[in-house]
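Here the structure comes first, spelled out in structure tokens, and everything after it is commentary.
2 protein chains.
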Amino acid sequence: MHPHQDGPLARLRRGHEDLVLDLLRKHGPLSRAELGQHSGLSRTTLSDIVTELIESGAVVATAPGTAPRRRGRPVEALTLNPSAGQAIGIDFARRAVHVSAVNVAHEVIGSASEPHDPGLPWEERIALAERLVGTLADGALRLDALHAIGVGVVGPVGDPDAGPAQPCPSADLPALLRKRFEAPVLVDNNTRLAALAEATWGAAAGGQDVLYLRLSHGVGGGLVVSGALHRGAYGLSGEFGHIAVESGDGRCSCGATGCLETVASVGAVLAAYRRAGGHADGLAALLGALEAGDPVALRTLEAAGTHIGTVLAAVCNAIGPGVIVLGGELAAAGPPLFEPVEQALRAHIMPISRDRVDLRPATLGEAGGALGGIALVLRESPLLSHYPARPG
Amino acid sequence: MHPHQDGPLARLRRGHEDLVLDLLRKHGPLSRAELGQHSGLSRTTLSDIVTELIESGAVVATAPGTAPRRRGRPVEALTLNPSAGQAIGIDFARRAVHVSAVNVAHEVIGSASEPHDPGLPWEERIALAERLVGTLADGALRLDALHAIGVGVVGPVGDPDAGPAQPCPSADLPALLRKRFEAPVLVDNNTRLAALAEATWGAAAGGQDVLYLRLSHGVGGGLVVSGALHRGAYGLSGEFGHIAVESGDGRCSCGATGCLETVASVGAVLAAYRRAGGHADGLAALLGALEAGDPVALRTLEAAGTHIGTVLAAVCNAIGPGVIVLGGELAAAGPPLFEPVEQALRAHIMPISRDRVDLRPATLGEAGGALGGIALVLRESPLLSHYPARPG
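If you're matching them up, the sequences are chains A and B in order.
Residue numbering for the first sequence follows numbering that gives the first Met the number 0, starting at 0 and increasing by one per position.
Residue numbering for the second sequence follows numbering that gives the first Met the number 0, starting at 0 and increasing by one per position.
Given below as structure tokens:
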């Protein structure tokens with residue numbers, strides 16, 4: 000565990016550590032002498048750095064090779080410790096906890112999920128998270144090299160004026176997690192984190208300006224702007240589900256009327272399908288009807304998709320993203336949803352932008368929030384200067 | 000003129016220069032000894048820095064005071080050169096050139112404008128800009144300390160794929176300006192620059208997340224996100240005028256239909272007023288009718304304001320700005336416009352955000368684009384690390 004320092008010397012040292020880790024990542028096992036040649040660091044500095052990396056569990060010194068050497072002691076090889084977790088992501092969703100971890104090579108070591116009752120107390124959710132983390136890497140996950148934990152929660156995060164109820168549903172959450180895992184904790188909204196994950200490892204990997212829309216029991220989203228997670232002036236950003244739609248007059252959970260959520264959430268689409276004479280006791284049945292070519296189901300999705308595309312066009316004109324990612328359970332509807340979305344998007348976006356925006360289905364699924372927590376740590380933790388190139 | 004260097008040593012040196020300039024700004028005239036005490040720099044380093052600042056014209060060494068001293072040579076006092084321009088902003092608008100300059104204390108030395116025929120060739124526009132710059136500071140503007148020029152142009156800027164016609168209307172513009180002024184040139188869209196200016200010195204001074212909407216012959220805008228000018232993935236951002244509005248079916252100059260611009264530009268509002276039976280040969284007449292309480296004029300502005308507020312609410316839900324600034328000629332309508340805008344904004348924004356957003360009239364007027372060019376230089380030029388605190 001490294002102290003949470005951010006001075007110039009700590010940053011310089013961290014830069015050296017990153018350099019060494021990077022070389023081991025790129026070249027595989029290296030001797031100290033080879034590391035010295037590649038890094039250009041002095042023998043003393045390198046020795047300090049390697050000692051600390053071994054102590055933290057990030058690097059292991061493997062047994063000397065048996066190859067005969069002319070003289071001197073056998074050469075020790077340094078390698079990255081494959082089971083050393085460098086960052087953990089935890090998504091405290093409404094009805095489930097999701098966890099993921101990456102090692103020092105920024106490879107995902109594993110992910111795990113467990114559903115729970117929405118009323119489960121926070122202490123038990125945290126215990127559940129801890130248990131799930133323990134199952135990662137076949138139970139061999141070492142937390143010695145852990146830099147930070149990125150945590151996703153439901154609801155707005157990041158309003159400096161919002162008082163003690165913020166910045167997470169349980170005011171004690173970061174403190175409790177910090178105590179359990181002995182690492183700094185970064186918290187953000189889990190849908191926004193899913194946006195960051197899609198822009199890091201998912202459908203929009205490498206995208207600098209990404210719009211993520213999640214069509215689930217609620218409709219939300221997130222924005223990545225110039226490569227960074229966008230938060231807005233008071234912690235509200237990406238609330239695409241509460242943009243008013245033409246002809247929308249349904250009362251929304253947010254207190255307003257006519258929000259996109261009232262016509263494009265899973266519940267709203269199911270209700271519209273039933274009003275039109277369709278029979279479905281849940282999303283699975285509706286998806287089945289779509290697959291079977293049920294014209295009522297197709298028309299229902301077309302109407303929802305048109306609203307979605309119109310709202311997306313408005314947001315695109317405002318912020319010009321390069322990629323739009325559609326996620327959430329409703330996105331599983333596929334072309335019957337994506338085609339009307341695309342059509343309305345093209346109809347209402349500025350013609351000059353029409354061919355500049357890609358619409359893609361999300362690829363990370365339920366793990367998005369937890370992976371986004373890791374992406375947050377890798378991008379924003381003051382201790383980690385390296386951007387993850389290909390961690391998945 | 001400093002070479003356009005950005006290495007660690009150049010940055011360190013620049014940091015020292017900024018420190019010295021800052022001390023002179025704060026304390027007024029200082030001797031070298033006093034500068035040494037306040038800055039903590041070594042005598043040698045300080046001497047180098049001061050010599051360079053005097054050579055660049057940023058600092059002047061004033062005649063030694065006549066006060067009697069006990070021994071040694073008289074004490075020379077160092078002061079900021081009030082007429083040394085550190086950054087120039089030029090706005091090449093459709094029918095006018097606007098220029099502004101700030102000195103090394105980041106105070107606006109002066110602004111100047113001259114209208115011209117929209118067909119004026121670029122060479123002549125540049126000559127006009129040069130002439131206008133020459134009139135600043137009563138013609139005493141010195142360009143020796145000039146760090147960079149920030150230039151606003153009409154149309155999209157910043158699309159890496161757009162080919163040679165970009166990044167400005169005249170592909171040679173930056174090169175021509177660089178040659179004339181012997182300084183680096185930064186170019187951006189002039190409406191976006193006006194947004195940056197309002198967020199720096201205008202209605203939203205100090206705002207980190209600002210939405211600027213300009214209601215003129217076109218309807219455009221700009222976003223400041225987390226303190227930085229937002230550009231979007233392909234150079235299009237803040238195109239609020241091309242967001243579709245309910246009931247909008249007019250053909251827009253962008254090629255789409257139903258854009259906000261078709262109901263909220265100066266021309267569209269005048270046309271709507273005339274269709275409703277009003278008589279006005281121009282905006283001035285319409286503003287006069289509003290002032291006189293003409294109910295047709297009031298209803299016309301109410302309709303436009305409602306569309307504007309609805310679009311603003313959608314954008315606010317997406318990006319959560321802290322301040323909205325309304326500028327452009329139509330903003331001069333005042334309360335008859337602002338009240339319906341505010342009402343529709345409050346009606347359609349998420350209730351949780353209702354009291355978090357401030358709607359304000361722009362304060363910088365026509366100079367906004369040129370001032371924004373300066374703000375761009377002060378924020379983004381690699382040579383200037385200091386953010387302007389109170390330059391106006």
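Virtual Cβ for every residue (Gly too), placed ideally from N, Cα, C.
All figures in this text were calculated on a predicted structure; none of them were measured in a lab.
Residue-level contact to chain D via CB, residue i, 9 Å cutoff
i, result
"B:Thr-199", "Of the protein chains in this structure, namely A and B, none is chain D."
Residue i: first and last residue of the uninterrupted alpha helix (DSSP H) it sits in
i, result
"A:Ser-397", "Any property of residue 397 of chain A remains undetermined from this structure, which presents chain A solely from 0 to 391."
"A:Val-295", "294–318"
"A:Ala-267", "265–274"
"A:Leu-176", "172–180"
"B:Leu-370", "367–379"
Beta-bridge pairing of residue i - partner residues as DSSP gives them
i, result
"B:Tyr-211", "B:Gly-221, B:Val-324"
"B:Thr-256", "B:Arg-250"
"B:Thr-78", "B:Val-59"
"A:His-229", "For A:His-229, which the question treats as bridged, DSSP gives no partner whatsoever."
"B:Gly-394", "Outside the shown range of chain B (0 to 391) lies residue 394 of chain B, about which nothing can therefore be said."
"B:Ala-95", "B:Pro-114"
"B:Val-156", "Answer by DSSP bridge pairing: none, since B:Val-156 is not bridged."
"A:Arg-13", "None, per the DSSP bridge assignment."
"B:Arg-141", "B:Ala-83"
Start-to-end residues for the beta strand (DSSP E) that takes in residue i
i, result
"A:Arg-393", "Since the displayed chain A opens at 0 and closes at 391, residue 393 of chain A lies outside it and no answer follows."
"B:Phe-91", "84–91"
"B:Ile-108", "107–114"
"A:Val-244", "Segment: none, A:Val-244 is in no beta strand (DSSP E) and carries neither H nor E."
"B:His-37", "Note, B:His-37: premise wrong, no beta strand (DSSP E); alpha helix (DSSP H) at 31–38."
"A:Ala-128", "Not the beta strand (DSSP E): A:Ala-128 falls in the alpha helix (DSSP H), residues 121–134."
Assigned secondary structure, residue i (DSSP; H/G/I helix, E/B strand, else coil)
i, result
"B:Arg-250", "strand"
"B:Pro-335", "helix"
"A:Leu-289", "helix"
"B:Pro-350", "helix"
"B:Asp-187", "strand"
"B:Ala-330", "helix"
"B:Val-103", "coil"
"B:Asp-280", "coil"
"A:Ala-198", "helix"
"B:Ala-164", "Annotation note: pLDDT 37 at B:Ala-164 (below 50); position unreliable, no value reported."
"A:Gly-206", "coil"
"A:Gly-364", "helix"
"B:Leu-18", "helix"
"A:Ala-192", "Reading off the sequence shown, one finds Leu at residue 192 of chain A, where the question assumed Ala. Residue state, collapsed to three classes: helix."
"B:Leu-23", "helix"
Cβ-heavy atom distance, residue i to the ligand HEM, below 8 Å
i, result
"B:Ala-32", "The ligand HEM is not among the ligands present in this structure, which contains no ligands whatsoever."
Task: Residues from the region 204–238 of chain A in contact with chain B, defined by Cβ distance under 9 Å - done: Listed in sequence order: Gly-206, Gln-207, Asp-208, Val-209, Leu-210, Gly-220, Leu-222, Val-224, Ser-225, Ala-227, His-229, Arg-230, Gly-231, Ala-232, Tyr-233, Gly-234, Leu-235, Ser-236, Gly-237, Glu-238.
TODO: Report yes or no: do three or more beta-carbon pairs, one from the region 321–340 of chain A and one from the region 299–313 of chain A, lie closer than 8 Å?
DONE: Judged by Cβ distances under 8 Å, the region 321–340 of chain A makes contact with the region 299–313 of chain A, as three or more pairs qualify.
Open item on the list: Quick test of the definition: if touching needs 3 or more C-beta pairs under 8 Å, does the region 305–324 of chain B touch the region 189–207 of chain A?
Closed with: Here the region 305–324 of chain B makes no contact with the region 189–207 of chain A; the two share fewer than three CB pairs at distances below 8 Å.
- [ ] Check whether the region 246–253 of chain B touches the region 324–337 of chain A, counting contact only when three or more Cβ pairs, one atom from each stretch, lie closer than 8 Å.
- [x] No, because fewer than three Cβ pairs between the region 246–253 of chain B and the region 324–337 of chain A fall closer than 8 Å, the two stretches do not touch.
Open item on the list: For the structure I just gave you, are there three or more beta carbon pairs, one from the region 111–126 of chain A and one from the region 38–55 of chain A, closer than 8 Å?
Closed with: With the rule of 3 Cβ pairs closer than 8 Å, the region 111–126 of chain A does not count as touching the region 38–55 of chain A.
Open item on the list: If contact is defined by three or more beta carbon pairs under 8 Å, each pair taking one atom from either stretch, is the region 313–329 of chain A in contact with the region 356–370 of chain A?
Closed with: As far as the Cβ criterion goes, the region 356–370 of chain A touches the region 313–329 of chain A, which means the pair count is three or higher.
- [ ] Using a Cβ-Cβ cut-off of less than 7 Å, list which residues of the region 315–328 of chain A approach chain B; keep chain order.
- [x] Along the region 315–328 of chain A, the positions whose C-beta sits under 7 Å from a C-beta of chain B are Asn-316, Ala-317, Ile-318, Gly-319, Pro-320, Gly-321, read in chain order.
Task: Segment contact flag, the region 73–82 of chain B with the region 16–28 of chain B, C-beta cutoff 8 Å, min 3 pairs - done: The region 73–82 of chain B vs the region 16–28 of chain B: in contact.
Task: Contact set between the region 290–309 of chain B and chain A, restricted to residues whose Cβ is under 9 Å from the partner - done: Here the close residues are Thr-309.
Task: Residues within the region 254–271 of chain A neighbouring chain B, beta-carbon criterion of under 7 Å - done: Hits within the stretch, in order: Gly-254, Ala-255.
TODO: Say whether the region 171–179 of chain A touches the region 117–134 of chain A, bearing in mind that this needs 3 or more beta-carbon pairs closer than 8 Å, one atom from each stretch.
DONE: With the cut-off at 8 Å, the region 171–179 of chain A and the region 117–134 of chain A touch.
Open item on the list: Below 8 Å, how does it come out for the region 129–147 of chain A and the region 95–104 of chain A: are there three or more Cβ pairs, yes or no?
Closed with: Touching, yes, given that three or more Cβ pairs across the two stretches are closer than 8 Å.
TODO: Give a yes or no on contact between the region 313–321 of chain A and the region 280–298 of chain A, applying the rule of three or more CB pairs nearer than 8 Å.
DONE: Judged by Cβ distances under 8 Å, the region 313–321 of chain A makes no contact with the region 280–298 of chain A, as fewer than three pairs qualify.
Open item on the list: Please list, in chain order, the residues of the region 241–252 of chain B that have any C-beta partner in chain A closer than 8 Å.
Closed with: Within the region 241–252 of chain B, His-241, Ile-242, Ala-243, Glu-245 place their CB atoms closer than 8 Å to a CB of chain A, listed in sequence order.
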